[in-house]
Each structure stands twice: as C-alpha cells, then as structure tokens.
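**Student:** Dumping the structure here so I can ask a few things about it.
Residue numbers (my numbering): 130 to 725.
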C-alpha cells in the first residue's frame, strides 16, 4: 500500500471562508468539524469527518445521521458540502490525491426529478420540460457577425426589425405546447428554475436561481437560447433581442412596441395604470407615489447610480450571496436583482390577478414578451459593470462550474456552465453602445439632517430587542466597527456594509421595506438623497412558506456624504411599504467586507 501523502495541515477555502485542517501522522487522517460550512442553515449539525487513505468517515454529533453514511461510496457530497474534484480537496494545498472538497457547484437538474412548481396562492403548476435522454455539452459558437441588441424604444421607427420580432414571437406562440421552443415551454423554464420545480442532486433542497450569485448567469443563458430560437424560427441568425432601456429617461415607460393589442408582443396581464406615458418607478413598492415626472426621473437615475456605482463595491454586493450544493436557497440578492429588477416585475404585473400575473410572479413572468427585454437590460447592466465600471467576474469554482440545462434552437438539450457565459462576444452578441447612460453621474445629495442620531438615542424611540416584528417603522442604533476615518486604499480593499439579518416573511406575498440611515424622525428622505440607503423588495414565488434571507447595503459612500465617517454608531430606520403577514427582522450589524 502506498504511504500517506497527507500534509500536517491544510487550508480549505470556500466561497467566502477558510478552514484549517490538521492531520495526525499516526492515523494518516484529517479531522474537522463541518459546522462552519453551513452558514445558511436553520439547523446547523456539527459533523466530525476523518479523511484518510481508507476513505471518508463521518459522524453527526447532534444525533442526526439522516444525510451521513460511512465510507467513500455512499457519502452524499452535497449534504456535507463536499464535492468531487479532479484536483482533490478544493483549495487545499497538499491534498492532491484526495477526491473530496468542502464545496461543490450546483449541478444541472435532472429533468426526470422535476416536480410541481409553487404558485404564490398555494396551488401548484406543472412546469416540467419534455424529457430527452441525450444531453449535449455546450461549445462556444464559431465567430461570426455579432448580434447587436438595441434599445426597444429605438425600434419603433424600424419596421423591418419590428416585423421580424413580431413574426418570431408569433411563431413561438404557434408551436405546440410540448415543443421546447414554444412560448409556453420557454415561460416554463423560468417557472421550474425559480419556483421549486427542481431539487438539487441527491437532496430535497430546491434549486433556486434568484436571491443569490446565480441570478446573472442563469438569465444570460436563458435569454441566449431564447434569442437563438427566435432567429432559427424566422431564418435570421443575426436577429437580436431588444432591451427595455429602463435605466434612461427615454426608456422609463413600457416600450410602445409591446402595447399594441393586435401584436404578438402584447400581454393582457399588465397593470393598466402603468401604460405609456406613465413613467416607471424603479423604487416601486405597490402604490404610485404622488411625484412629478422630473422628480421621478431624478430619483430613478440616482437609484441606478447607487445600485451600479456607489453600492456595487464588491462581488458579494453586485452578484449576490454565494450559493453552492447543499446550501439552503435564497441566501441574499445582489444590488440590481433587488432594485430595480424586482420593483419592475411588481410594477408591470396586473394587480387584479390572483398572483399579480404575468410579470408580478416568477412562475408566470416568462409568458410576457416584455419579460425577456426586461432581463436583456439586466444582462446589459452586467456588461456595463465589467466594461465601463471596472467590475470583474467571480473566480470561485462553485460559481464558475454551476450547470444549467436548456433546449436550443434545434431542440437539443444542452448542458451549460457559468464559466462559458462571461463574455457576450464569445456568445455572439453585444449591446448597442451608442445608447446614453445618464446615471453615471447621478450622485445623491445629503439631506443634512439635524442631529437625528443623538435625538433618537435620547428619546428612547429605538428598538433594542431582536428578533423584532416589522409592522410599523422601527429605528435601531447600530455600532460601527471603526470610528477612524479610513483612507482611500482601505475603502478600496474593504467596503463598510450594513447587514440586516434574518429577514423572515411569507414567500407567497410581495414585500418591500425602505432603509434609511441618520434620517429625520418625522419625515423620509427622497430616493435621490443620501439618507435613503436602499430597500428590500420581494417578488412572490412560493407557496405559503416562510423565507429567510439577509440584506447587505454598502454605506461607504453614504458615510462620506453624511459626514459620518467618525461616528461611533448610526441610526438605521426601516419603513414597511408593502407586505402582508408578519415580517421578522433578526438583527443588524455593520461590517467591513472584502471587495473581491
């Protein structure tokens, strides 16, 4: 038998954590507790695992052995967050011959395991795709002319393009419902991936592509195949999906090409009060504010600046929370997914429908052609983040090797990985770079509140006990990690972040609450003012089950604008705007978060 090559110590790295393991030379094994690798679990079992030449042996310390079996062959890697890898322990130096890792990317779903998807009203719907035995691994297409995605409002004067677009959607609608290229099946793609249709491999945990770092790449792939199907149906491989340019004043309304009732681009289940020329509210919370158009545009542009520039200082804030095999779904959304993506879903959907269909609920959103142009602009934000703002992609294997399955334009079932979606040019498309981006300079201005923090502390109006129910406005004083004014280099390396923990609510209801920092007690700052720190916004997509997640908001720039960089604490105020049933807030903290 070969001698052990296990090192005395090894360091394993997960998405945002490290763990040092120690080995015994006499036993040639490594022993560790797995509990630190369950950061999102409501139940946190402590599991002792010994890795040796004979395999892996684990024992749960809380009496729960349901997911743990001894021996190499029967070990469930996902329930332990241990993944197979050709390089041995993921991130562990010196363990080259060991096949396990303390993290694993989400695998492509098994279509034969697809089950009913949840509707917010408590019923279920069958969104499962056709099943085929053959799966093709994706290969990047040969280089050719780039498809150019243009702003939808610019296409109103292009009858040739518009005719192609209408024809493509009409042909998709006309296909049999069991054809994977049909409009019905394309809508079900979103339903299954977003409403609990697929379990993670070897687990009863659902695959969820929202509220985590999978949001951007999943939807990029989704639109990629949708666009290719349209091009195939009309015989034009250069056809490109338009984007809803909601981040600029010219596009802050439903594009007129989608509002003709006789057109294939029309959807009857939209909010009738939000038809053009009604301006879109990127901070929409269920009701229309009494705000003039000039103020609305200003607030929208400031929102975009905050979400894309001042509050997008780290991977975690821009992309969302890490989500690997074995993790509970919905650990936390990134900036753009939360605002304005979710707000636009709620703003567009028909409030007279049971679940806000179509756009107002994830299971039905893909039935509206406008959904795909909405997400085309979301995808454009990812491109702008990297091309203009200096953003980078996540370099973690758990993200890069996450897999999805989609049917292509030839009805082939294709397995894709996140790593192949990072460059739109390699996928054959780009965005029209002549479209203005006015929010790049739309910085917020401070309201200059007068001694709000000191007054609130002395008045006794603060909430001090958590968990707390958010039924009305609450304020809390949150200590800061440092009162020393940080240098530019320190801010570049670490972002100061407000964390609102343990947000628990009914997943089948829409929800929104606004967050203010050091604001006046008797009135709220405007959405274009620095005291407005952001919002939590939820689009209903589950049965009547509670969800639990977190919200992280960058406050580095906010502190500068409020001249609060040396304050020992901040007063954070939550104001509920939309939602039914109890909303529980677990607690608050202010942390320094590495920007990469």
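Where is the CB? At the ideal position from N, CA and C, for every residue including glycine.
Pull up the CB-CB distance for residue 544 and residue 267, whole angstroms please, since I reckon it's below 8 Å.
**Tutor:** Here residue 544 is taken as the residue at index 415 of the chain shown, counted from 1. Here residue 267 is taken as the residue at index 138 of the chain shown, counted from 1. 6 Å between Cβ atoms; contact.
**Student:** On a CA-only basis, which of 609, 495, 241 is nearest residue 399? Give me that one, please.
**Tutor:** In the chain shown, the residue the question calls residue 399 occupies position 270. Per the Cα distances, 495.
**Student:** With the cut-off set at 8 Å, would you say residue 667 and residue 717 are in Cβ contact?
**Tutor:** Indexing the chain shown from 1 puts residue 667 at position 538. Indexing the chain shown from 1 puts residue 717 at position 588. Not closer than 8 Å, so no.
**Student:** Rounded C-beta distance between residue 642 and residue 661? I'm assuming under 8 Å.
**Tutor:** Within the chain shown, numbered from 1, the residue matching residue 642 stands at position 513. Within the chain shown, numbered from 1, the residue matching residue 661 stands at position 532. Actually they do not touch by this definition, with Cβ atoms about 12 Å apart.
**Student:** Going by the DSSP bridge assignment, what does residue 254 pair with across the sheet?
**Tutor:** In the chain shown, residue 254 corresponds to position 125, counting from 1. The partner list for residue 254 (beta bridge, DSSP) reads 246.
**Student:** Let me know the secondary structure DSSP gives residue 340 once reduced to three states.
**Tutor:** What you label residue 340 is simply residue 211 of the chain shown in a count that begins at 1. Correct three-state label for residue 340: coil.
**Student:** Looking at the unbroken alpha helix (DSSP H) that takes in residue 482, where does it start and where does it end?
**Tutor:** On the chain shown, residue 482 is found 353 positions in, with the first residue counted as 1. Here residue 482 belongs to no alpha helix (DSSP H), and DSSP marks it neither H nor E.
**Student:** Between the alpha carbons of residue 599 and residue 278, how many angstroms are there, rounded?
**Tutor:** As a first step, residue 599 is located in the chain shown; it is residue number 470 there, counting from the start. As a first step, residue 278 is located in the chain shown; it is residue number 149 there, counting from the start. Those two C-alpha atoms are separated by around 42 Å.
**Student:** Counting only the same chain and skipping the five closest in sequence on each side, list residues whose C-beta sits under 7 Å from that of residue 347.
**Tutor:** For the purposes of this step, residue 347 is taken as the residue at position 218 of the chain shown. These residues qualify, in order along the chain: 322, 338, 533.
**Student:** Output needed for residue 595: all residues of its chain with C-beta closer than 7 Å, excluding positions within five of it in sequence on either side, in chain order.
**Tutor:** By one-based count along the chain shown, residue 595 stands at place 466. Correct list, in chain order: 714, 715, 716.
**Student:** Can you tell me the Cα-Cα spacing of residue 609 and residue 620, whole angstroms?
**Tutor:** The residue you call residue 609 lines up with position 480 of the chain shown. The residue you call residue 620 lines up with position 491 of the chain shown. Looking at the two C-alpha atoms, the distance is approximately 15 Å.
**Student:** Roughly how many angstroms lie between the CA atoms of residue 674 and residue 251, to the nearest whole one?
**Tutor:** Mapped onto the chain shown, residue 674 falls at position 545. Mapped onto the chain shown, residue 251 falls at position 122. If you take the alpha carbons of residue 674 and residue 251, they lie about 9 Å apart.
**Student:** Indicate the three-state DSSP secondary structure (helix, strand or coil) for residue 719 in the structure shown.
**Tutor:** Here residue 719 corresponds to residue number 590 of the chain shown, with the count starting at 1. Looking at residue 719 - three-state DSSP - the assignment turns out to be strand.
**Student:** Applying the 10 Å Cβ sphere with the 16-neighbour rule, what's the burial state of residue 432?
**Tutor:** As a position in the chain shown, residue 432 is number 303, starting the count at 1. It is buried - the Cβ of residue 432 has at least 16 other Cβ atoms within 10 Å.
**Student:** Exposed or buried, what is residue 622 when buried is set at 16 or more other beta-carbons lying within 10 Å of its beta-carbon?
**Tutor:** Taking the first residue of the chain shown as position 1, residue 622 is located at position 493. With fewer than 16 Cβ atoms within 10 Å of its Cβ, residue 622 is classed as exposed.
**Student:** Where do the N-terminal and C-terminal ends of the alpha helix (DSSP H) with residue 426 fall, by residue?
**Tutor:** If you number the chain shown from 1, residue 426 lands on position 297. Run containing residue 426: 422–434, per the alpha helix (DSSP H) assignment.
**Student:** How about residue 85 and residue 685: are their beta carbons less than 8 Å apart?
**Tutor:** This structure cannot settle anything about residue 85, because the visible part of the chain is limited to 130 through 725.
**Student:** Where does residue 554 fall in DSSP's three states?
**Tutor:** In the chain shown, the residue the question calls residue 554 occupies position 425. Helix at residue 554.
**Student:** If we ignore side chains and look at the alpha-carbon of each, how far apart do residue 653 and residue 691 end up?
**Tutor:** Counting from one through the chain shown, the residue named residue 653 turns up at place 524. Counting from one through the chain shown, the residue named residue 691 turns up at place 562. Rounded to whole angstroms, residue 653 to residue 691 spans 15 Å at the Cα level.
**Student:** Taking a contact to mean a Cβ-Cβ separation below 8 Å, would you say residue 320 touches residue 236 in this structure?
**Tutor:** On the chain shown, position 191 is the one that residue 320 refers to. On the chain shown, position 107 is the one that residue 236 refers to. Going by C-beta atoms, residue 320 is not nearer than 8 Å to residue 236.
**Student:** Which residues does DSSP list as the beta-bridge partners of residue 312?
**Tutor:** Within the chain shown, residue 312 is the residue found at index 183, counting from 1. Answer by DSSP bridge pairing: none, since residue 312 is not bridged.
**Student:** With DSSP as the reference, please indicate the residues paired to residue 494 in a beta bridge.
**Tutor:** Working through the chain shown from its first residue, we reach residue 494 at position 365. In the DSSP output, where bridge partners are listed per residue, residue 494 has none listed.
**Student:** What's the gap between the Cα of residue 676 and the Cα of residue 362?
**Tutor:** In the chain shown, the residue the question calls residue 676 occupies position 547. In the chain shown, the residue the question calls residue 362 occupies position 233. If I take the Cα positions, the gap works out to 40 Å.
**Student:** According to DSSP, what are the bridge partners of residue 546?
**Tutor:** Here the question's residue 546 lines up with position 417 in the chain shown. The partner list for residue 546 (beta bridge, DSSP) reads 532.
**Student:** Can you check whether the CB of residue 607 is closer than 8 Å to the CB of residue 701?
**Tutor:** Position 572 of the chain shown, counting from 1, holds the residue named residue 701. Position 478 of the chain shown, counting from 1, holds the residue named residue 607. A contact, by the Cβ cut-off of 8 Å.
**Student:** Using DSSP with H/G/I as helix, E/B as strand and the rest coil, what is residue 475?
**Tutor:** Translated into the one-based positions of the chain shown, residue 475 becomes position 346. Three-state DSSP puts residue 475 in a helix.
**Student:** With a threshold of 16 other CB atoms inside 10 Å of the CB of residue 507, please say whether the residue is buried or exposed.
**Tutor:** By 1-based counting over the chain shown, the position of residue 507 is 378. Classification for residue 507: buried.
**Student:** Return helix, strand or coil for residue 708, following the three-state DSSP convention.
**Tutor:** For the purposes of this step, residue 708 is taken as the residue at position 579 of the chain shown. Three-state DSSP puts residue 708 in coil, outside helix and strand.
**Student:** On the criterion of 16 or more Cβ atoms from any shown chain inside 10 Å, does residue 614 qualify as buried, or is it exposed?
**Tutor:** Indexing the chain shown from 1 puts residue 614 at position 485. Residue 614 is exposed by the Cβ-count criterion.
**Student:** Tell me the DSSP bridge mates of residue 676?
**Tutor:** By one-based count along the chain shown, residue 676 stands at place 547. Paired residues: 634.
**Student:** Given residue 582, which residues of its chain have a CB within under 6 Å of its CB, disregarding the five upstream and five downstream residues?
**Tutor:** Residue mapping note: residue 582 aligns to position 453 of the chain shown, counting from 1. Residue placement at residue 582 is flagged as unreliable, the pLDDT there being 46, under the threshold of 50; the coordinate-derived value follows with that caveat. For residue 582, where only same-chain residues beyond five positions count, the Cβ hits under 6 Å are 647, 700.
**Student:** Would you grab the beta carbon distance between residue 464 and residue 440 for me? Rounded to a whole angstrom, and I think it's under 8 Å.
**Tutor:** Counting from one through the chain shown, the residue named residue 464 turns up at place 335. Counting from one through the chain shown, the residue named residue 440 turns up at place 311. About 6 Å; that satisfies the 8 Å criterion.
**Student:** Any idea which residues DSSP pairs residue 574 with across the strands?
**Tutor:** Within the chain shown, numbered from 1, the residue matching residue 574 stands at position 445. Note: residue 574 sits in a beta bridge opposite 658.
**Student:** Which of helix, strand or coil does DSSP assign to residue 642?
**Tutor:** Position 513 of the chain shown, counted from the start, is the residue given in the question as residue 642. Strand.
**Student:** Could you tell me the distance, in whole angstroms, from the CA atom of residue 286 to the CA atom of residue 368?
**Tutor:** As a first step, residue 286 is located in the chain shown; it is residue number 157 there, counting from the start. As a first step, residue 368 is located in the chain shown; it is residue number 239 there, counting from the start. Those two C-alpha atoms are separated by around 17 Å.
**Student:** Just tell me which of 639, 411, 554 has its CA closest to the CA of residue 484.
**Tutor:** What you label residue 484 is simply residue 355 of the chain shown in a count that begins at 1. Closest by alpha carbon: 639.
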